[in-house]
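Okay, structure first, notes after.
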Amino acid sequence: MQEEKMTFKVKGQDGKEVECEVLFTFESEETKKNYMVYTDNTVDENGNTKVYASIYTPNTKTTMLEPIETEKEWKIIQTILDELQASAREEANQEGNEQA
């Protein structure tokens with residue numbers, strides 16, 4: 001079963017539309033805000049996919065992305081990203097061990 005990707009378009013700094021893919025959303029119990037983590041599927045100079053995060057309000061007609069302005073909020077998001085990466089690595093290692 002293939003998961004359907006959620007995408008949206010934003011206007012870049014050059015005025016061109018850029019398609020972004022939603023990686024995940026979550027509500028922080030600590031801040032009581034909703035966050036969206038997404039990518040435009042571009043890569044940095046090290047070959048890493050660029051990932052962005054914003055505050056958003058769910059269940060509205062038009063989703064407005066708001067900037068994350070506090071270090072505390074960035075730490076919450078970074079912790080979740082780190083946990084997801086560790087989980088993905090562990091899953092890949094288990095699949096590799098099962099095939100050996």
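Okay, so the sequence shown: first residue is 1 according to the numbering used here, each after it adds one. By construction, the Cβ of each residue, glycine as well, lies at the ideal position given by its N, Cα and C atoms. All of these numbers come straight from a predicted model, not from anything done at the bench.
- Proximity of the stretch 31-38 to the stretch 54-73 meets the contact definition, three or more beta-carbon pairs being nearer than 8 Å.
- With a beta-carbon spacing of about 7 Å, ILE77 and VAL37 fall inside the 8 Å limit used to define contacts.
- ASN41 and LYS5 have their alpha carbons spaced roughly 13 Å apart.
- The secondary-structure analysis by DSSP pairs THR25 across a beta bridge with MET36.
- Between GLU17 and the set GLN94, THR7 and THR70, the nearest pair of CA atoms involves THR7.
- A Cβ-Cβ separation of about 7 Å places LEU23 in contact with VAL51 under the 8 Å criterion.
- Counting along the chain, THR31 sits inside no beta strand (DSSP E), nor does DSSP assign it H or E at all.
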